[in-house]
Amino acid sequence: MAKFFLPNPGFELGDQNWNKGTGWAISKDAPTSRSGSWRAVFTGGAEAALDNSPNFSIRPGLKLSASAWFDGVVATAGNGVVRLRWLDLDGVEISVSSSTGVAFGSGYSQETLADIVAPDRAKFVQIRAVITSPDSSTWRLDDLDISGGIIETIPATAKISGHRIVPADTIGVFDPLVGQDKFTEFNAGMSDKWSFVYTFIPALGADLGELVS
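Numbering-wise (the working numbering), the sequence shown opens with residue 904 and increments by one.
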């Protein structure tokens, strides 16, 4: 199972990979960033969310952790909260997991959700940063992270464009995307020395977990 890779977690790529609710902006301002030169900033009178895009594929039972750094030093109200939104195959929300929240009045503090189990029917997950009860306060946000199990998007159908033979790490190593049967034949003579590496040209997307489970 692969690890999550959160695109643009600290906003250093600019205003991309995040869907901004009312009051949110992503801009460059090194003095008010936790790291780098970019951060997100929220000013508003009502709760609004900043969501990663695109969503991650997931399946029920996998555990995830998420975190974000909130800066409420200039805020006079509100709490910084991290949420995980669990969505079904059609993108409909199943449930939401929320952290306890970072209170206003202090500098950058990390808020964390740890080892949250994906619920039944979950096919996608979204990391969300929210300022609750902001009362027109200004908050800053930086350096989000998500970790745990993921179902990696890979080709459902593919054309092999090339292959090469490389030293095998251990006896009996095989690539589950190619198939155990082919490697059983190949490994019969020299599985302790060699293995195949294939190069694919993707055609359609599929879930890695569905193929190897």
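Beta carbons: idealized from backbone N, C-alpha and C, even for Gly.
Length of the line joining the Cα atoms of ASN920 and ASN911
In this structure, the CA atom of ASN920 is about 6 Å from the CA atom of ASN911.
Determine the extent of the beta strand (DSSP E) in which SER1125 is found, giving its start and end residues.
There is simply no residue 1125 to check, as the chain begins at 904 and stops at 1116 in what is shown.
Return the CA-CA distance between LEU965 and ALA1021, expressed in angstroms with no decimal places.
Each residue's Cα considered, the two are about 5 Å apart.
Do you know how far the Cα of THR1035 is from the Cα of ASP1045?
Going from the Cα of ASP1045 to the Cα of THR1035 covers about 17 Å.
Since ALA949 and TRP927 should fall inside the 8 Å C-beta cutoff, what is the C-beta to C-beta distance between them, to a whole number of angstroms?
No, ALA949 and TRP927 are not in contact; Cβ-Cβ is about 12 Å, not under 8 Å.
Anyone know if the C-beta pair for THR925 and THR1041 falls short of 8 Å?
The Cβ-Cβ distance between THR925 and THR1041 does not fall below 8 Å.
Suppose the cutoff is 7 Å on Cβ atoms and the five residues either side in sequence are ignored; what does the same chain contact list for ASN955 look like?
The answer, listed in chain order, is LEU909, ASN920, TRP921, GLN1029, ILE1030.
Alpha-carbon spacing of GLY917 relative to ARG937, whole angstroms
When rounded, the distance between both Cα atoms is 15 Å.
Give the straight-line distance between the Cα atoms of GLY1010 and ALA978, rounded to the nearest whole angstrom.
When only Cα atoms are considered, GLY1010 and ALA978 end up about 10 Å apart.
Contact defined as beta carbons within less than 8 Å: I believe TYR970 pairs with ASP1038. What is the distance between those atoms, to the nearest angstrom?
One detail in the question is off: residue 970 reads as Ser in this sequence, not Tyr. Not confirmed; about 25 Å, so no contact.
State yes or no: is the C-beta of SER1000 within less than 8 Å of the C-beta of GLU1014?
No. Outside cutoff.
When the Cα atoms are used, what is the spatial distance from ILE929 to TRP941?
Their backbone Cα atoms lie some 7 Å apart in a straight line.
List the endpoints of the continuous beta strand (DSSP E) containing ALA969.
ALA969 -> beta strand (DSSP E) spans 966-974.
Enumerate in chain order the residues of its own chain whose CB-to-CB distance from THR1087 is below 7 Å, with the five nearest sequence positions on each side excluded.
Confidence is the limiting factor: at THR1087 the pLDDT is only 48, short of 50, which leaves the residue's position unreliable, though a coordinate-based value still follows. None.
Does GLY1092 come out as helix, strand or coil in the three-state DSSP assignment?
Confidence is the limiting factor: at GLY1092 the pLDDT is only 48, short of 50, which leaves the residue's position unreliable, though a coordinate-based value still follows. It is helical.
What would DSSP say about THR1035, mapped onto helix, strand or coil?
THR1035 falls in the strand class under three-state DSSP.
Once the 5 residues before and after GLU915 are set aside, which same chain residues still bring their CB inside 8 Å of it?
Around GLU915, the same chain offers GLY939, SER940, TRP941 as residues with beta carbons nearer than 8 Å, after the five sequence neighbours per side are excluded.
Pop quiz: ASP1023 and PRO963 are said to be a contact at Cβ under 8 Å. What is the actual Cβ separation, rounded to whole angstroms?
That pair is a contact at about 5 Å.
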